[in-house]
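Quick note, the numbering used here runs 131 ahead of the 1-based positions in the first sequence. Glycine included, C-beta positions come from ideal geometry on N, C-alpha and C. All figures in this text were calculated on a predicted structure; none of them were measured in a lab.
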Amino acid sequence: MPGDITLILPDGNERSLPEGSTGMTLAKAIARSVERDAVAVKVNGELWDLNRPLPERAKVSVITAGTAEGLAVLRHSTAHVLAQAVLALWPGTRFAIGPSIEDGFYYDFELPGGRHFSDNDLEVIEARMRQIVAEAQPFVREEHSIEEGLALFAGQPYKQEIIEGVAQRVGDEAITAEAGGADGTVTAYRNTDSFVDLCRGPHVPGTDRLAHFRLMRVAGAYWRGDEHRQQLQRIYGTAFESEKALTDHLRRLEEAERRDHRRLGAELDLFSFPSELGSGLAVFHPKGGLVRKIMEDYSRRRHEEAGYDFVNSPHITKAELFETSGHLEWFAEGMFPPMELDEGQKYYLKPMNCPFHILIFKGRQRSYRELPMRLFEFGTVYRYEKSGVIHGLTRVRGMTQDDAHIFCSRDQMTGELESLLSFVLDLLRDFGLDDFYLELSTKPEAKAVGSDEDWAEATEALRYVASAMSLELVMDEGGGSFYGPKISVQARDAIGRTWQMSTIQLDFQLPQRFALEYVGADNGRHRPIMIHRALFGSVERFFAVLVEHYGGAFPMWLAPLQVRVEPVRDDHESYAAEVGRALSAAGLRSEVETANEPLGARIRRSKLDKIPYILVVGDADVAAGTVGVNGRGDTTPARDVPLAEFLARAATEAMQPVRGPTA
RNA sequence: GCCCGGGUAGCUCAGUGGUAGAGCAGCGCACUCGUAAUGCGCAGGUCAGGGGUUCAAAUCCCCUCUCGGGCUCCA
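Shown next, in the form of structure tokens:
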């Protein structure tokens, strides 16, 4: 029909609509549910507002609220409502940027008179935001010249700085994302006569689309992320397409909080951070120490099977070693300051184990027949982490790495990396983690030693083995360490969070700095290459990840206490002790309680301790040689289970994972 | 390191200038009980540490330590 435009839908079909039709017209034409959930429309790959007329033969798709792109629009729009509320409540506030982020959004402000937000302010702001939502204000797109933009945001230096950034065509995505057009214009969105915000858009049609949000917390954040610039007041919030999605999200956060290893570490008496020791320095209590021992023993066994040699090295060393290695040049800010002994001799706590293992390799002349040489150590290292970054067991100042250095020839490199990577993944799977992706970190811009050729070769080798694993591979440009690129294994835990676990680094530099050599089959001298690798990463961090992954409910083989025996009355205690001896004989870690409290109370305590099995024994059990089995997740306990039957079952369950060396 | 907010009994927390409190945990006594909290009693604190203001400070001010949330950086 004349006066119609033709649009191309995502499935390739075409659709005619009257000229002047908008994303909203299209959504309406598709389905009532699409109309209801539409937040924006994608036009030739670009997100547009729903009320802009669509061009002829555009490829279009309607973006609905529940999708990733839809949520981003929703959250970004909610950030504008937040800004409007704050500006109304504190006139004179300067506002900076308010993007959507994973799981939510934030907005940065500078309040008049250097005022800062408190938690109570969040309630007040949220109430104001709900008022704005109730008013169903439209989001109206405006285009302005640079000059108009500067005038519009008079008295708003952060907005003006963004506009000037656009004017200078900095080409920075972060800037154009805030201000829009790279063609000498800026765009803004107006909600009311008094509130307009610089923004590229798109936005939902009106504030009434934004019912399901929550302000989360306040924080400080530097303008432009630069610690030398103004510190702003940031408010974090989140928004979802439905009340259910929002409450689900909040529930997930609560679940994460319940699993927090710092909380569980105290509740289950696993470890603590005595303030007498200093920040980032942990002590492991008997139960945590036992879990840790099991982890380490298992790791040792696996390394033994995989052909590693076990070595040990001291915690401190003369400065010379770290001068040679380059650590003092490149890693000094991560090291504790030196202590001076013996007439000015400087000693450092070690931040890494590699130089020590190198000295072991270098201890005598090496033959190609000895390669690959794999030196393993649970090496305790100390790093001076800035005070603000320390976090539970995942970021500490003293930690033990399951560290090894593999010395091999260039010919052996790829093969070593391949078997290493499957070794890593097998080990992580044994600990119950099975959802991984790989990250490849390349040469850092500023801090790196070695030629570009070496870096390129090393990076390529890592890329090759990483892509052979048929796992998702993401790039981390410039994220390598100073001596080489690395692959890190990222694992997703039981509630979907990702953790950086193992790292594998390829290194041509340290062998050179230490002038490492081996004698080849050709009787010539050759330089080995080194692979640095830690599978747990640090034992402390891995421990923390396991605590959170399992929510403190360790599987049988890791559980510090596997079975607790509860006599019903005190005249059942001798039978309970007999059961306890049978459990010990079967190699199970058990404990027998006395009947000095009501049974319900004792059961409750064991449940809170997350013990895998509680065995209740009473008259019937004494008579029949049975036990009542109350498993950790059970709602109803089993009665009259023959002791032998339970022993067999529990012993099987408690066995270490047996995967064996990779064929 | 920087910003904001905390630190009161082992733990979770009340307590806004006038004699330090509760619940749980701990200890003692009684209760002897079949699957998530038996009762009574006792003990437990340099209110993180130091300095200051005040007749008087857990409370107000300053410094330090430490924890949390972020920012900037990493196993």
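Three-state secondary structure (DSSP) of residue i
i, result
"H614", "Looking at the sequence itself, residue 614 is Tyr, so the reference to His does not match. Of the three classes helix, strand and coil, the one that applies to Y614 here is coil, per DSSP."
"Y479", "strand"
"L381", "helix"
"T338", "helix"
"S550", "helix"
"K741", "coil"
"V620", "strand"
"S403", "strand"
"Q362", "strand"
"H416", "coil"
"L408", "coil"
"H488", "helix"
"T793", "Bear in mind that the predicted position of T793 carries a pLDDT of just 40, short of 50, making it unreliable; the figure below should be weighed with that in mind. In the structure shown, T793 sits in coil (DSSP, three-state: anything other than H, G, I, E or B)."
"R541", "helix"
"M260", "helix"
"P575", "coil"
"D328", "strand"
"D135", "strand"
"D557", "helix"
"E471", "strand"
"I228", "coil"
"W799", "Any property of residue 799 remains undetermined from this structure, which presents the chain solely from 132 to 794."
"D252", "helix"
"V650", "strand"
"R770", "strand"
"S211", "The amino acid occupying residue 211 in the given sequence is His; Ser does not appear at that position. Helix."
"P269", "strand"
"V605", "strand"
"E372", "coil"
"R528", "coil"
Opening and closing residue of the beta strand (DSSP E) in which residue i lies
i, result
"F567", "D566 to S572"
"W586", "Per DSSP, W586 belongs to no beta strand (DSSP E); it is in the alpha helix (DSSP H), D583 to A599."
"G516", "The identity of residue 516 in the sequence shown is Glu, whereas the question assumes Gly. Per DSSP, E516 belongs to no beta strand (DSSP E) and is neither H nor E."
"E464", "Segment: none, E464 is in no beta strand (DSSP E) and carries neither H nor E."
"G235", "G235 to E241"
"R664", "I660 to A665"
Assigned exposure category for residue i - 16 Cβ within 10 Å defines buried
i, result
"V758", "buried"
"A795", "Residue 795 lies beyond the range of the chain shown here (132 to 794); nothing can be said about it."
"A781", "buried"
"H663", "buried"
"G315", "exposed"
"D135", "exposed"
"A599", "exposed"
"G229", "buried"
"L395", "buried"
"V217", "buried"
"E372", "buried"
"A646", "exposed"
"Q287", "buried"
"L472", "exposed"
"A305", "Residue confidence for A305 is low, a pLDDT of 49 falling below 50, so the modelled location carries little weight; the figure read from the coordinates is stated next. So A305 ends up on the exposed side."
"N322", "buried"
Residue nearest to residue i in terms of C-alpha spacing, selected from the options
i, options, result
"C485", "R644, Y289, E436 and D542", "R644"
"K738", "E784, L778 and A684", "A684"
"G756", "L774, G762 and I745", "L774"
"I617", "L602, L551, S572 and E257", "It is worth fixing the name first, because residue 617 is Lys in this sequence and not Ile. Per the Cα distances, S572."
"L377", "R365, L341 and L363", "L341"
"Q364", "E292, R225, L472 and P445", "R225"
"H392", "E386, G523 and W586", "G523"
"G409", "D624, A708, P659 and Y515", "Y515"
"M530", "C539, V512 and F674", "V512"
"E177", "R188, V165, L506 and S192", "S192"
"Y595", "Y614, G718, T545 and R261", "T545"
"R720", "D750, V327, W688 and L399", "W688"
"G151", "T209, T198, K159 and L185", "L185"
Boundaries (first-last residue) of the alpha helix (DSSP H) holding residue i
i, result
"Y289", "P288 to A298"
"P642", "Q640 to R644"
"H392", "H392 to E398"
"L283", "I277 to L283"
- What beta strand (DSSP E) runs, 3 residues minimum, are completely inside the stretch 427 to 461? 447 to 449
- Note down, one range per segment and in chain order, each alpha helix (DSSP H) of at least 4 residues found wholly within the stretch 681 to 763. 704 to 716, 730 to 739 and 750 to 755
- Message: Ignoring anything shorter than 3 residues, give me the beta strand (DSSP E) runs that lie fully in the stretch 148 to 191, in order along the chain.
- Response: 169 to 174 and 177 to 179
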